[in-house]
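**Q**
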Amino acid sequence: MGRNDADHGSLHGRERRVAAHTACAAALFAVNAYLVAELFHREFIDQTGSIEAAYISLARYIKDNWNDLTWFPLWYNGIPFQDSYPPLLHVLSALVSGLLGIAPGTGYHAVCGLLFALGPVTLYAFAVRCGASMQGAFLGGLAYTVISPSALLVEPIYADLGQMIAGRRLQDLAAWGEGPHVSGLTLFPVALLLLDLAWRKASPRYDLAAAAGMAATAMTNWHASLTLALGIVCWLIPNFTGARLARTAWTGLLAYALAAPWIPPSTVAVVRANARVIGGDFAGTYAALPVRTLAALAAMAFAAYLLRRLRLPPIAQFGVFFSLITAAFTLGAYWYGVKLVPQPERYHLQMEMGLCLLAGLAAAALLSLAPRWAQAATMAAIVVACIGPVKQVRRVSREAHLRPLDMERTIYGRLGRWLRENRFEQRIYAPGAKTAWLNAFCDTPQFDGGFAQGLVNLKLREAWHFINLAKTKEETVLWARAFGIHAILGSLPHSPDPYKPLNFPEKLRGLETLWEGEGETLYRIPHRSSSLARIVPIPALPESLDNVTTYVNALEDASLPEANFQWTSRHSATVEASLHPHHAVSLQWTYHAGWRARVNGVPRTLREDGIGQMALEPGCDGVCRIELSYDGGWEMRVARLLPWLAMLTILRRARREWTA
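Numbering (the numbering used here), first residue to last: 711 to 1370.
#1: In the DSSP assignment, find the unbroken alpha helix (DSSP H) run with Tyr916 in it and report its ends.
#2: Are Leu880 and Val1051 close, meaning C-beta to C-beta below 9 Å?
#3: Just curious, the beta strand (DSSP E) that Ile1245 is in, first and last residue?
#4: Assign Glu753 to one of three DSSP states: helix, strand, or coil.
#5: Between Gln1298, Gly1160, Phe848, Asn1257, which lies nearest to Ala666 when the distance is taken from Cα to Cα?
#6: Leaving aside the five residues before and after Gly923 along the sequence, list all residues of the same chain whose C-beta is less than 6 Å from its C-beta, in chain order.
#7: Quick check: what's the CA-CA separation for Thr937 versus Leu828?
#8: Helix or strand or just coil, what does DSSP make of Cys822?
#9: Does DSSP classify Trp886 as helix, strand or coil?
#10: Quick one: what's got a C-beta closer than 7 Å to Ala820's C-beta in the same chain, skipping five residues either side?
#11: Mind checking who Trp1305 pairs with in its DSSP beta bridge?
#12: Using only CA atoms, which one of Ser1205, Leu1218, Lys1210 lies nearest to His1196?
#13: Count the other CB atoms within 10 Å of the CB of Ile789; is the residue buried (16 or more) or exposed (fewer)?
#14: Can you have a look at Phe1012 and say buried or exposed, based on whether 16 or more other CB atoms are within 10 angstroms of its CB?
#15: What's the gap between the Cα of Pro1328 and the Cα of Leu1251?
#16: Grab the span of the alpha helix (DSSP H) containing Thr977 for me, first residue to last.
#17: In whole angstroms, what separates the C-alpha of Gly841 from that of Asp1341?
#18: Quick one: give me the first and last residue of the alpha helix (DSSP H) that Met1324 is part of.
#19: Take Glu725 and list the residues in its own chain whose beta-carbon comes closer than 6 Å to its own, dropping the five residues that flank it on each side.
#20: Ignoring anything shorter than 3 residues or poking outside the region 790-819, list the beta strand (DSSP E) runs there in chain order.
#21: Roughly how many angstroms separate the alpha carbons of Arg770 and Ala985, rounded to a whole number?
#22: Beta-carbon within less than 6 Å of Gly846's beta-carbon, same chain only, minus the 5 sequence neighbours each way: which residues are those?
#23: In whole angstroms, give me the CA-to-CA distance for Trp1225 and Arg1127.
#24: Give me, in chain order, the residues of the same chain whose beta-carbon lies closer than 6 Å to that of Gly1123; leave out the 5 immediate sequence neighbours on both sides.
#25: Can you give me the C-alpha to C-alpha distance between Ala1180 and Pro859, rounded to a whole angstrom?
#26: The alpha helix (DSSP H) that contains Thr1186, what's its start and end?
#27: Quick one: grab the DSSP three-state call for Ala842.
#28: How long is the line joining the alpha carbons of Tyr744 and Pro1141, rounded to whole angstroms?
#29: Give the range of the beta strand (DSSP E) segment to which Ser1254 is assigned.
#30: Residue range of the beta strand (DSSP E) that Ala969 falls in?
#31: Exposed or buried, which one is Asn1132 when buried takes at least 16 other CB atoms within 10 Å?
#32: Quick check: what's the CA-CA separation for Pro830 versus Ala1190?
#33: On the premise that Asp793 lies in contact with His1281, defined as a C-beta separation below 8 Å, what is that separation, rounded to the nearest angstrom?
#34: Tell me the DSSP secondary structure of Pro899 in three-state form.
#35: Anyone know if the C-beta pair for Asp756 and Arg1108 falls short of 9 Å?
#36: Can you have a look at Leu1351 and say buried or exposed, based on whether 16 or more other CB atoms are within 10 angstroms of its CB?
Okay, structure coming up:
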């Protein structure tokens, strides 16, 4: 055979491999898209207790305010937008909604359906690129599609699935609203694959690609961020060299620089502080985390030594490490009640990914011992055997998880429409599932919100407790006035809302009724003024939650002047009033150091009062005009510069490479 014939044969072989890989990926995608077919066109699904309502709310808000994503006034009396949730999925949903002219809910579901269908495909691509055989990678992706190992290992998950051993990833996506989590797991193998390419190519453009993959994963879901960190360690150990460790650190720094505007240090601190108490007290978990991390690294290093002695391929070693550590999180919590990380039960999907990959690799290794005809026959038998479980999951998906929902017939849709049509823009407290749903339809600001880990003013958590457990109307009104709440939604036992944290709803009777429906009543909280800027004597500013009575009495004192308050954008406002030097302006939204104030053109310092809201002592004697604006402070100014610095650094390195 001549050289040209050999080259032609090699090219033909590559084309056949590419075609085979494409066919495998397409098959995995098609099966998963079939499982969630309704998501590609459905605005709402019959899962009103799901947290996905909060994500649809964020997608709608981004679509309507894409050029002003700084301060987010709709949740928790106002928070920085980056604290509302890692934004990538909601940005993509808003983008699809805007480009295709579809509702935000439809855009959200379409993006979730696409990323769900791509999950086994990205796992297949990572496995093949990093050393797995085509058979092993395909069987791993097929197992990840069809089998739910967590249902075999954890009885509550098996019971929740309804006596099935398949479809947990779909159930988490649809029934529990885990769209960001599932989407993050789809991006996670892509980030690892790009990192592996960066190791091998040692080129600035591959460094940038790896950094972008890491940043995208982190900007999808907080659990995906920890998963990515664990995955990098699990892939680095069997492939360790000093150069790869250095490049991993470099690309990690680049990734954080790219994501910094959405995950600044303050946001990490806020999420970490709230994670300590959500779902339990994890203070001990955090305290033990450094020691546990060191112990885990030592154990993994020893395991790596043993696995290398066994000549296990790096991709299989990765599967072992990743499965073991995620199983330790999940099974430690379910079996023994030991919580190694906050919310460890949610890592069962990661455990499933690792175990399914291992199962595929092990099956392929066994098949490789058989003749080719036996391998082909076995693969065909496996595919045929998967038809039954796929059809079962599809049936449950269609009949239980993805049923259509006429939102106009629900209390959430009707209340949201009423608030929108009546332009009710004063703050309300709507506890339960209504909290997540309301801002999918309107811009009414809330005392509560859809992402408790983003709570900036931790005093609100105590205030929720006081309002929910208050036994009298007077006590409820007192706390509502202190935090600028102008309406509260009370739920009777027959309300369809599955969550009813507000005790004694009958205590609200006697207040003015604004809206009623299906056991839900929206009551007006009486205030002397509807303004979010209230004038009080300086000594009346609250020092803590213990002296709100004095503060509220001052708010309702008719002898004090009223302030004309007006939002001028999502992140700026003006206040006008006639004041004396002993007056303070109480601004009833969450204090943040990123807010600035100018009084009659002169800068003034805003401070935090004792209940986590903002206060200003303008020192005016006469007409006073206050201009308020939020810029995020020095931290956000630096964070917004970091992506540009990262790109400039990459371009300079690339230029040196090109001119070398």
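Virtual Cβ for every residue (Gly too), placed ideally from N, Cα, C.
**A** So, from the listed chains and residues:
#1: Here residue 916 corresponds to residue number 206 of the sequence shown, with the count starting at 1. Start and end: 914-928.
#2: As a working mapping, residue 880 is identified with position 170 in the sequence shown. As a working mapping, residue 1051 is identified with position 341 in the sequence shown. Taking 9 Å as the Cβ cut-off, Leu880 and Val1051 do not qualify as a contacting pair.
#3: Taking the sequence shown and counting its residues from 1, one reaches residue 1245 at position 535. That run of the beta strand (DSSP E) goes 1243-1247.
#4: Here residue 753 corresponds to residue number 43 of the sequence shown, with the count starting at 1. Three-state result, Glu753: coil.
#5: This structure does not reach residue 666, given that the chain is present from 711 up to 1370, and the question cannot be answered.
#6: Working through the sequence shown from its first residue, we reach residue 923 at position 213. Excluding residues within five positions, the ones whose Cβ falls inside 6 Å are Val900, Ala901, Leu904.
#7: Residue 937 sits at position 227 when you count from the first residue of the sequence shown. Residue 828 sits at position 118 when you count from the first residue of the sequence shown. Rounded to whole angstroms, Thr937 to Leu828 spans 18 Å at the Cα level.
#8: Along the sequence shown, read from residue 1 onward, the residue named residue 822 stands at position 112. Note: Cys822 maps to helix in three-state DSSP.
#9: Walking along the sequence shown from the start, residue 886 turns up at place 176. The answer is coil: DSSP assigns Trp886 none of H, G, I, E or B.
#10: Locating residue 820 in the sequence shown gives position 110, where the first residue counts as 1. Result list for Ala820: Leu749, Phe750, Val806, in chain order.
#11: By one-based count along the sequence shown, residue 1305 stands at place 595. Answer is Tyr1340, bridged to Trp1305.
#12: For the purposes of this step, residue 1196 is identified with residue 486 of the sequence shown, where counting begins at 1. Among Ser1205, Leu1218, Lys1210, the Cα nearest to that of His1196 belongs to Leu1218.
#13: For the purposes of this step, residue 789 is taken as residue 79 along the sequence shown, with counting starting at 1. By the 10 Å Cβ count, Ile789 comes out buried.
#14: For the purposes of this step, residue 1012 is taken as the residue at position 302 of the sequence shown. Counting the other CB atoms within 10 Å of its CB gives Phe1012 a total below 16, which places it among the exposed residues.
#15: Locating residue 1328 in the sequence shown gives position 618, counting from the first residue. Locating residue 1251 in the sequence shown gives position 541, counting from the first residue. One C-alpha to the other measures close to 14 Å.
#16: Against the sequence shown, residue 977 aligns to sequence position 267. Start and end: 975-985.
#17: As a working note, residue 841 is residue 131 in the sequence shown. As a working note, residue 1341 is residue 631 in the sequence shown. The alpha-carbon atoms of Gly841 and Asp1341 are separated by roughly 48 Å.
#18: In the sequence shown, residue 1324 corresponds to position 614, counting from 1. Careful: Met1324 lies outside any alpha helix (DSSP H), inside the beta strand (DSSP E) at 1323-1326.
#19: Counted from its first residue, the sequence shown places residue 725 at position 15. Excluding its 5 nearest sequence neighbours in each direction, Glu725 has no C-beta neighbour in its own chain below 6 Å.
#20: none
#21: For the purposes of this step, residue 770 is taken as residue 60 along the sequence shown, with counting starting at 1. For the purposes of this step, residue 985 is taken as residue 275 along the sequence shown, with counting starting at 1. Each residue's alpha carbon lies about 26 Å from the other.
#22: Reading the sequence shown from its first residue, position 136 is the one you call residue 846. Excluding residues within five positions, the ones whose Cβ falls inside 6 Å are Gly1070, Leu1071, Ala1074.
#23: Here residue 1225 is taken as the residue at index 515 of the sequence shown, counted from 1. Here residue 1127 is taken as the residue at index 417 of the sequence shown, counted from 1. Going by the C-alpha atoms only, they are around 11 Å apart.
#24: Start at 1 with the first residue of the sequence shown, and residue 1123 comes out as number 413. Excluding positions up to five away in sequence, the list reads Met1117.
#25: By 1-based counting over the sequence shown, the position of residue 1180 is 470. By 1-based counting over the sequence shown, the position of residue 859 is 149. About 45 Å.
#26: For the purposes of this step, residue 1186 is taken as the residue at position 476 of the sequence shown. Unbroken alpha helix (DSSP H) run through Thr1186: 1183-1192.
#27: Residue numbering aside, residue 842 sits at position 132 when the sequence shown is read from its first letter. Correct three-state label for Ala842: coil.
#28: Here residue 744 refers to the residue found at position 34 of the sequence shown. Here residue 1141 refers to the residue found at position 431 of the sequence shown. Straight-line Cα distance between these residues: approximately 36 Å.
#29: Locating residue 1254 in the sequence shown gives position 544, where the first residue counts as 1. No beta strand (DSSP E) holds Ser1254; DSSP gives it neither H nor E.
#30: If you number the sequence shown from 1, residue 969 lands on position 259. Segment 952-969 is the alpha helix (DSSP H) holding Ala969; no beta strand (DSSP E) there.
#31: Here residue 1132 refers to the residue found at position 422 of the sequence shown. That one is exposed.
#32: Here residue 830 refers to the residue found at position 120 of the sequence shown. Here residue 1190 refers to the residue found at position 480 of the sequence shown. The C-alpha of Ala1190 is placed about 49 Å away from the C-alpha of Pro830.
#33: Stepping through the sequence shown from its first residue, residue 1281 is reached at position 571. Stepping through the sequence shown from its first residue, residue 793 is reached at position 83. No, His1281 and Asp793 are not in contact; Cβ-Cβ is about 14 Å, not under 8 Å.
#34: Against the sequence shown, residue 899 aligns to sequence position 189. Three-state result, Pro899: helix.
#35: Locating residue 756 in the sequence shown gives position 46, counting from the first residue. Locating residue 1108 in the sequence shown gives position 398, counting from the first residue. The criterion of a C-beta distance shorter than 9 Å is not satisfied by Asp756 and Arg1108.
#36: Position 641 of the sequence shown, counted from the first residue, corresponds to residue 1351. Classification for Leu1351: exposed.
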